[in-house]
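Beneath this line is the structure, given in structure tokens, with notes to follow.
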Amino acid sequence: MSAQQPSISEMREMHELLDNFLRGDVAEAQPELIHAVKALFKAEPEYRKPTTIIPTHEVDTRHEYAIKIEEQILKHRPDFEFTEVHLVGIMVTPLHNLEPGGYLSYRQHWHDLAYKMNSLRCLVKRYLLQKPETPESYAVVATTTGPRHLTSMSKKRARSVSNKSKSTSRKTRSSKKNEDPDAAFLPPSDSENEKKLCRQRDHYRCIFMQTAEGECAHIIPQRWNDTRENVNLTEKVIHVARMFLDEDTLFNHADLFAHPDDVGTTDKCWNMLYFNRQLHWYLDHTSIGFKCLGIDPCEDDKTKAVVVIQLNWLHRSKDKPKIVTSKGDANDFDKLINGLRQFEEDGRPARVEPGQGMFAAVRVNNNVPLISGHIARIEMPIADAVKCQVMLDLAWALSVVAAMSGAADWPNLLPDHDDWDEIRQKAAVERWVEDQARRHLVSPEQTDTSDFLPHTSDLQHRMPDRPSHTSDLQPRTPDRPPYSPDRLPYTPRQPPAGRLQSPIPLGEITNRSRQDSSPEKRKLRLEVLGQRTETSSRRDDSPHKGILLASRMSKAEKDGVKYLTEGVHEFTLATGAFLKLYASPWTPVYGGWAFQYGNGHDFDIPSGMDVAVIHGPPQGILDFAGMTGTHAGCSELLATVARAKPKIHCFGHIHEAWGMHHVTWDGNEIDQDRSRQLGLKGLRPNRVTQDKETAQMTRENLIEMSKQRAVQLDLTQGDTQVVPGKQTLFVNAAIMSIRYRLVQLPWLIDIDLKRAEQLAQV
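Next up, the structure:
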């Protein structure tokens with residue numbers, strides 16, 4: 010395809026062809042063809058000549074930066090795989106990102122640079138991979154044969170998977186509800202309503218081909234956030250979108266890609282375009298890209314704007330992404346540039362395989378072939394237009410990287426993020442449990458997603474004269490701290506500010522716990538066993554496992570640790586205060602973890618308890634669990650606590666239900682009008698639901714709270730006072746978030762206790 014004017018000989022040939030056509034039998038028998046030719050001659054589709062993806066004057070500068078980035082990483086990590094994905098990423102990222110102080114500056118620490126580069130490959134993979142039509146247990150990816158090839162244990166099954174994968178599109182990625190574990194819990198009409206809005210906005214026609222029957226295609230794949238699992242997967246890599254979006258844009262829109270408390274955040278009409286199925290297929294297979302040229306004002310309606318979208322056929326490499334170098338005479342950087350320049354000189358032609366026709370797609374209203382540079386204008390509300398532009402900008406950059414590097418044909422050769430496997434395993438367990446619940450084998454209230462990490466509650470027991478004494482709190486330190494460039498100053502690895510009398514971790518004592526074993530520092534440390542002990546403690550376990558567990562408990566007690574078996578425990582603290590406590594590790598059955606019951610449990614909590622320490626929550630109180638949004642607490646426990654009315658009932662187990670519920674009793678029922686709650690809602694800044702000022706204020710308040718390293722409550726006076734027998738403070742003290750990060754504050758609680766000698770005199 011040439012951009013030059015036709016020569017005189019070519020023009021003569023065209024005139025001769027037209028004359029022969031008009032005078033021939035075909036035109037006489039089919040006069041409709043004459044109208045089609047007229048429509049073609051009159052056609053004036055909006056067009057802007059595409060600009061070069063990499064400006065010529067920037068090539069040498071980018072090449073120099075590529076060499077320095079490669080040298081910086083390989084100098085410290087010789088085994089790092091520097092691939093075409095990295096090179097194209099350096100070519101496409103805004104130039105200021107490569108300059109000193111930029112996001113990809115070679116002067117930053119090599120580890121951060123390598124982390125960003127590896128995350129780029131994971132983000133590209135996230136953009137490319139489609140939802141499998143067959144469970145992964147049936148089909149496995151073969152990385153040594155052809156592109157997008159699937160093999161399986163059964164040839165028949167493999168053929169089925171292969172055939173389906175050819176026609177899979179973003180529309181079908183989550184269209185089957187039986188494949189989506191969240192589908193039963195999402196509003197059933199939301200997605201269809203958004204698609205209806207998209208069709209209405211685009212006048213029920215493909216925005217480029219003008220065909221009437223089409224599909225709503227997602228710009229950013231719906232699979233990025235259509236389930237809680239996919240939200241978690243996307244969240245691990247979305248930070249590297251900073252390579253293509255400026256800092257403020259990513260900050261303001263990050264929750265649209267992966268919202269910590271929501272799913273389906275991009276299943277909106279502003280992330281959809283109405284396409285002919287053929288064009289949709291090209292989009293899904295990264296043969297075509299859509300570049301946003303900007304947002305124009307709408308003359309007829311000041312509340313709306315017009316998004317200007319340019320169609321571009323992409324330069325694709327069919328080679329597998331491989332290890333490359335930007336150095337030397339025959340370097341791969343120059344090879345990629347030369348291939349791109351040749352593609353652009355040829356007019357950016359559509360990818361048409363031999364024998365598949367002359368044109369990849371044609372506009373049906375005027376018979377004009379779709380070429381790079383054709384323009385579509387989409388009118389929408391201004392706020393939606395801004396979001397649409399962000400989606401288009403990121404999708405355009407990822408499409409270019411995937412196509413030029415060869416990753417588009419070989420997505421399964423790209424690496425997974427280090428944390429993805431763990432996320433998938435946990436999600437698989439949740440899906441299995443939910444499936445069993447649907448089959449009436451396990452009720453929804455008996456599900457849980459806890460991890461091998463401690464829930465912690467810190468209780469500072471205070472008598473009227475307010476003695477001050479402490480024990481240290483040092484929860485388990487993860488092998489790899491979670492990455493976050495925007496981390497709050499608080500971490501539960503630090504002990505809460507102030508002096509603690511008796512910290513109480515709730516459950517999950519594993520062989521990786523790193524507790525300070527100094528008896529001098531720990532006057533009394535109370536441990537309640539939970540689901541994941543080193544030795545399984547199901548009721549049907551063999552006797553020798555219990556012996557091993559008892560041996561370990563005995564050794565721990567010598568270091569000042571007191572393991573609380575189920576029942577009542579009484580302690581005289583170093584201050585002379587007397588603490589009366591009930592403990593239990595038991596929770597409703599879930600999977601194969603320890604200390605679980607299947608058909609109810611008798612929590613024998615006497616009246617007059619200062620504290621009830623139980624691994625899990627009572628039903629309906631700080632127990633709203635998981636992506637299903639079910640109450641996972643125990644009804645028997647609620648009835649027992651309502652009867653016994655301890656001053657404090659602390660638990661963990663349900664990470665996402667962190668908070669407190671200050672309850673006033675009306676008999677054995679909760680007086681909701683005189684009870685107060687504090688939870689995660691509204692505690693953290695939300696860049697979607699809050700404006701910039703509100704989000705900043707919320708963040709500052711959270712940082713101020715975090716400096717105390719605990720949420721502090723005084724139950725001895727004021728509005729938070731607990732009157733024995735009339736009020737109870739429920740505390741979910743899970744310091745792990747639903748993503749198993751140490752980001753939730755422990756609790757520092759003051760209560761009044763009687764002196765031991767006073768009780769002895771009675």
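Using my numbering, the letters of the sequence shown correspond one by one to residues 10 to 771.
Beta carbons: idealized from backbone N, C-alpha and C, even for Gly.
- Annotation for residue 721: the continuous beta strand (DSSP E) segment containing it runs 720 to 723.
- In the displayed model, residue 342 falls within a helix according to three-state DSSP.
- Judged by their CB atoms, residue 133 and residue 410 are nearer to each other than the 8 Å cut-off.
- Take residue 208, set aside five residues on each side of it, and the residues of its chain with a beta-carbon closer than 7 Å to its own are 225, 283, in chain order.
- Taking all protein chains in view, the Cβ of residue 732 is surrounded by fewer than 16 other Cβ atoms within 10 Å, so the residue is classified as exposed.
- Beta-bridge analysis with DSSP links residue 668 to 688, 741.
- Taking 8 Å as the cut-off, the Cβ atoms of residue 307 and residue 398 do not count as close.
- For residue 592, the number of other beta carbons within 10 angstroms of its own is at least 16, and it is reported as buried.
- A Cβ-Cβ separation of about 13 Å leaves residue 135 out of contact with residue 94 under the 8 Å criterion.
- Residue burial is scored here from C-beta neighbours: residue 735 has fewer than 16 other C-beta atoms within 10 angstroms and is therefore classed as exposed.
- By a beta-carbon distance limit of 8 Å, residue 671 contacts residue 729. Their separation comes to about 6 Å.
- Residue 640 has 633 as its beta-bridge partners, per DSSP.
- Proximity of the segment 323 to 331 to the segment 402 to 421 meets the contact definition, three or more beta-carbon pairs being nearer than 8 Å.
- Residue state for residue 419 is assigned as coil, using DSSP reduced to three classes.
- With fewer than 16 other Cβ atoms from the protein chains shown falling within 10 Å of its own Cβ, residue 213 counts as exposed.
- The segment 50 to 66 makes contact with the segment 88 to 107: 3 or more CB pairs, one atom from each, lie closer than 8 Å.
- By the criterion of at least three beta-carbon pairs nearer than 8 Å, the segment 305 to 322 is not in contact with the segment 253 to 264.
- Sequence-distant partners of residue 665 (beyond 5 residues in either direction) whose C-beta falls short of 6 Å from its own C-beta, in its chain, are 747.
- Ranked by Cα distance from residue 630, the options 693, 201, 617, 648 are led by 648.
- Ranking 387, 38, 759, 622 by CA distance to the CA of residue 215 puts 387 first.
- If you draw a 10 Å sphere on the C-beta of residue 228, you find 16 or more other C-beta atoms in it, and that means buried.
- Where residue 225 is concerned, the enclosing beta strand (DSSP E) starts and stops at 224 to 227.
- Taking all protein chains in view, the Cβ of residue 88 is surrounded by fewer than 16 other Cβ atoms within 10 Å, so the residue is classified as exposed.
- Minimum Cα-Cα distance from residue 86 among the listed residues 343, 73, 121 corresponds to 121.
- Using a Cβ distance threshold of 8 Å, residue 76 and residue 119 do not count as a contacting pair.
- Residue pairing for residue 318: DSSP places it in a beta bridge opposite 301, 385.
- Shortest Cα-Cα distance from residue 321 to any of 356, 137, 391 involves 356.
- The straight-line gap separating the alpha-carbon atoms of residue 609 and residue 677 is approximately 20 Å.
- Separation of the CB atoms of residue 615 and residue 577 is rounded to 6 Å, and the pair is thereby assigned contact status at 8 Å.
- Using a Cβ distance threshold of 8 Å, residue 218 and residue 32 do not count as a contacting pair.
- DSSP places residue 268 in the coil class of the three-state scheme, outside both helix and strand.
- Here residue 204 has 225, 278, 281 as same chain residues with Cβ atoms under 8 Å from its own Cβ, once five neighbours each way along the sequence are excluded.
- Taking 8 Å as the cut-off, the Cβ atoms of residue 632 and residue 590 do not count as close.
- In the structure shown, the three-state DSSP call for residue 435 is helix.
- DSSP lists 224 as the beta-bridge partner residues of residue 284.
- The beta-bridge partner set that DSSP reports for residue 621 consists of 591, 658.
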